[in-house]
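Quick notes on the structure that follows.
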Amino acid sequence: MSNLMDPVVTIVTPSYNCSRFIKETIASVKAQTFTDWEMIIVDDCSSDNSCEIIEAEAALDSRIKLHRLQKNSGAAVARNTAMNMSRGRYLAFLDSDDLWLPTKLELQLDFMRTQDVGFSFTSYRVMSEEGELTERVIGVVPSINYDTLLKNTIIGCLTVMLDRHKLGQVQMPNIRAKQDTGMWLSILKKGHLAYGLPVELSYYRLVKGSISNNKIKAVYKMWRLYRDVEKLNPFKALWCLMNYVKNAVFKRL
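Residue numbering for the sequence shown follows the UniProt record's numbering, beginning at 1 and increasing consecutively.
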């Protein structure tokens, strides 16, 4: 049962060898105009000094919490661990190299409460690994359902907010990639819709070597999500994949 002292929002952040970026990511959370949040950072056995940086930040702000996994398990386990520890009604997701604009939580919470929705996502801008902002802004659609998301790549994890009072308990599938998309699909499969807020509220860092930046690997991981998690037959999976690739190309343009 919720306690009156529980935060409104839990921010879920997986961490792995993120010492170059994590302090800036945390700073973007601390700069939020909405302040009733907790940030749970789950470290996946980093070999750099990520944990020391996070511990120093947590010592300065009790809203920031660090949990260390005992063995390297992947982002899905890290995020699920954070969600299991969370106390907020709303879940928001921010990876350890991405950034939020200061009004992100305030505007998105207001949107969800005003529109009475349980799942929202927003526009975001792509930045380089070095933090240089690009001209690429990923927009939103007013709403998206399960069948449409199977063929699309429009929901950025760093933009998502979920209301657990409306959606119930949520978990990511324990896969090494596309686990966020897998969770969005599991929610929408129950008949929920995801609603887009057409405001740029986040910066997504494009890191060299990441799965999201390796297009061939990303397509293969999407195929495995269709077949292994969603259990689509090969023909429907191929149809969805063709549309996914087409929409991904349009998104880049």
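Heads up, the beta-carbon is just placed ideally off N, CA and C, and yes, glycines get one too.
Is it buried or exposed, Pro14, if we count other Cβ atoms within 10 angstroms and call 16 or more buried? buried
Nonlocal neighbours in the same chain, by C-beta distance under 8 Å from Arg227, ignoring five residues either side: Pro234 and Ala237
Using a Cβ-Cβ cut-off of 6 Å (strictly less than) and excluding sequence neighbours within five positions of Val160, which residues of its own chain qualify? Phe93 and Phe121
Return yes when the Cβ of Tyr146 is within less than 7 Å of the Cβ of Lys208, no when it is not. no
Would you list the one or two residues that DSSP bridges to Arg68? Asp43
Do you know how far the Cα of Phe250 is from the Cα of Glu135? 14 Å
With a cut-off of 8 Å on the beta carbons, I'd call Ile138 and Ser123 a contact; round off their distance for me. 6 Å
Mark Glu130 as exposed unless 16 or more other C-beta atoms lie within 10 angstroms of its C-beta, in which case mark it buried. exposed
Helix, strand or coil, according to DSSP, for Ser86 in the structure here? coil
The beta strand (DSSP E) that contains Ala31, what's its start and end? Neither: Ala31 is in no beta strand (DSSP E) and is coded neither H nor E.
Count Cβ pairs between the segment 75 to 83 and the segment 40 to 59 that sit closer than 8 Å; are there 3 or more? yes
Tell whether a beta-carbon distance below 7 Å holds between Tyr195 and Val117. yes
Excluding the five sequence neighbours on either side, which residues of its own chain have a C-beta within less than 6 Å of the C-beta of Met1, listed in chain order? Note that Met1 has pLDDT 40, beneath the 50 cutoff, so the model's placement of it is unreliable and the number below is only indicative. Nothing meets the Cβ criterion.
Would you mind sorting Arg113 into buried or exposed? The rule is 16 or more other CB atoms within 10 Å of its CB. exposed
Do Ile53 and Lys30 count as a contact pair if the criterion is CB distance below 7 Å? no
Buried versus exposed, by CB contacts within 10 Å (16 or more), Ile216: exposed
Looking at C-beta atoms only, is the number of pairs between the segment 216 to 225 and the segment 172 to 182 that lie closer than 8 Å three or more? yes
What residues are listed by DSSP as bridge partners for Ser15? Asp43
Is Pro173 helix, strand or coil when you go by DSSP? coil
By Cβ distance, which residues of its chain are closer than 6 Å to Trp100, with the 5 residues on each side in sequence left out? Ser28 and Ser202
Is the beta carbon of Thr103 sitting closer than 7 Å to the one on Thr148? no
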